[in-house]
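From first to last, the protein sequence lines are chains A and B. One point on numbering: in the numbering used here, the residue at position 55 of the first sequence is 80, and numbering is uninterrupted. One point on numbering: in the numbering used here, the residue at position 191 of the second sequence is 178, and numbering is uninterrupted. Just so you know, even glycine gets a beta-carbon here, dropped at the ideal spot from N, CA and C. Here is the structure we will look at, set down as structure tokens.
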Amino acid sequence: MPEPAAPQPLGNDFQAMYRAELKPVWSFLRRLGAQGRDLEDLTQEVFLTAYQRREAYDPAQPIRPWLLGIAYRRAADHRRLAYHARETEAEAAPEVPDERQDHERSLLAKEAKELVYQALDELPLEKRALVALHDLEGESVPAIAQALGVPLNTTYSRLRLARDQFARAFAAAQERRRSHVSV
Amino acid sequence: MSQSELPPLPDDLRRMLAELPGEAPSADVEARMFAAIGAALAPTAAATATAAGAKAGASASGASAVGAGVAKYVVAAFIAGAVAGGGAHAVLAPTPVRVVTAPLPIAVAPEPAVAREPVIEPPPPPTAPAPEAPRRVKREPKVEAAAPAPGHLGEERRLLDAARTALREGKPDRALTVLEQHLQGFERGELAEEREAMRVQALMSLQRVAEARLLAAEFRARYPGSMFLPVIDEATRETK
């Protein structure tokens, strides 16, 4: 009986994998707080690392959680993440396209982005990653546990705490916004 | 509540999450990353393939010969895709070089233990006349190019000295070009270790950080006792 087809085998189809997974990886790193050149560098590093470690990938598993696990670890190693931007004019530029795109988004989407990112910014990196993976990227808890190398029950516990903190931070951000608007 | 149950998020938060716009790189950024990854993988895969072939699986990187064969295919496809991809071609040529506003930790490699004669002659001309396209590393793996003929040490030294001079003068793009020339002619030459250390420095000074880190990781695996490790560590240390 033939083995079931691998979801996204690494190896001779790396290019297709890159094209399919670039946006999820980028999006996850952005939601972890990476911006500008850091976001670009980290995204590249994730795919380069994936290539280097391709023999460690289990093709029986979906590739996205594996990649996002790499992304989380790269971000955790990246001390600059979300704390400061490198001070060059060239590096300030990449934020501009995002802002341009924002003009075409609805006010609600802009508000959502502002509030959600404010709330995410209040979380330490691991909690932020858990919330981003589960509630923004839609990954299942077992997939998250595997991606982060954390036992399943521990993942549930930590995710519950992370979501609690996220909800509180969101409520606080909403409150700040309301008071700012009413002033 | 069982362990596997998660309470729902508040309604207003869920509504906001539903409205949250997706994040995606712009087409330019996507193309630039695509090209950079292809360029970073090219020398890696070629070196892996050659090393694995020569050492029959005893490579320090641990890549199997089969994996190396795949690597060549993958990288060829990757680079071809980068060239063919929308907008990628333009990015491949004059990739915008980042502005370096603070001196990077380019500790010039310490004087190697190998005795070397001071070479004053000017550096050789680069093989490629377009220094603004250093990311395009076009190099066929030379399976038989392993052992350089005796007497090549002087030429190797001359190239590395030229590269070092370029680094000292703040011309990392030129240094990289010369180092690539050494790589082409003396891939496993006697001074390959020193060359790789300088390549890391040159890439870092060009702020091609991802490539530099990848190369540095390979360097550490390949030369675990290298005298250049402090230089590698210094060069790739994250700036605060």
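inquiry  = Closer than 9 Å between beta carbons: that is the criterion. Which residues of the stretch 43 to 74 of chain A meet it against chain B?
reply    = Correct list: Y43, R44, L47, K48, W51, S52, F53, L54, R55, R56, R62, L64, E65, D66, L67, T68, Q69, E70, F72, L73 and T74.
message = If I follow the unbroken alpha helix (DSSP H) through B:G172, where does it start and stop?
response = Residues P159 to G172.
Proximal chain A residues relative to B:E17, where beta-carbon distance stays under 8 Å = Among the residues of chain A, those whose CB is under 8 Å from the CB of B:E17 are L47, following chain order.
ask   = According to the Cβ coordinates, are A:E46 and B:L201 closer than 9 Å?
value = No, the Cβ-Cβ distance between A:E46 and B:L201 is not below 9 Å.
request  = Tell me whether A:G94 is buried or exposed, calling it buried when 16 or more other Cβ atoms sit within 10 Å of its Cβ.
outcome  = With 16 or more other Cβ atoms inside 10 Å of its own Cβ, A:G94 counts as buried.
task = Out of A:V175, A:F191, A:A194 and A:G163, state which residue places its alpha-carbon closest to the alpha-carbon of A:R89.
result = Of the listed residues, the one whose Cα sits closest to A:R89 is A:G163.
task = Pull up the distance between the alpha-carbon of B:K42 and that of A:Q77, whole angstroms please.
result = Any reading at B:K42 must be qualified, since the residue scores a pLDDT of 40, below 50, and its modelled position is unreliable; the value itself is stated next. Here the alpha carbon of B:K42 sits roughly 19 Å from the alpha carbon of A:Q77.
message = At the level of alpha carbons, what is the spacing between A:A187 and A:L161?
response = Rounded to the nearest angstrom, the two C-alpha atoms are 13 Å apart.
query = Tell me which same chain residues have a C-beta within less than 7 Å of the C-beta of A:A92, skipping the five on either side of it?
reply = Reading off the sequence shown, one finds Leu at residue 92 of chain A, where the question assumed Ala. Spatial neighbours of A:L92 in its own chain (CB-CB distance under 7 Å, excluding positions within 5 residues in sequence) are listed in chain order as E46, V50, V71 and A75.
message = Check for me: the alpha helix (DSSP H) holding B:S192 runs from which residue to which?
response = Segment A179 to S192, the alpha helix (DSSP H) holding B:S192.
query = Hey, B:M191 and B:L147: beta-carbon distance below 9 Å or not?
reply = No; because the gap between Cβ atoms is not below 9 Å, this pair is not in contact.
ask   = Which first and last residues belong to the alpha helix (DSSP H) in which A:A41 is found?
value = DSSP places A:A41 inside the alpha helix (DSSP H), whose first and last residues are F39 to R56.
query = What is the DSSP secondary structure of A:F24, counted as helix, strand or coil?
reply = Absent from the structure is residue 24 of chain A, since the part of chain A shown begins at 26 and ends at 208.
query = What residues from chain B crowd round A:A137, counting only those whose CB sits closer than 9 Å?
reply = Simply R2, M3, L4, A5, E6, L7 and P8.
message = Is it buried or exposed, B:T223, if we count other Cβ atoms within 10 angstroms and call 16 or more buried?
response = By the 10 Å Cβ count, B:T223 comes out buried.
message = Three Cβ pairs or more, each shorter than 8 Å: is that satisfied between the stretch -3 to 7 of chain B and the stretch 138 to 151 of chain A?
response = A contact exists between the stretch -3 to 7 of chain B and the stretch 138 to 151 of chain A.
Chain-ordered chain A contacts of B:M20 [CB-CB under 7 Å] = Chain A residues near B:M20: E65, T68 and Q69.
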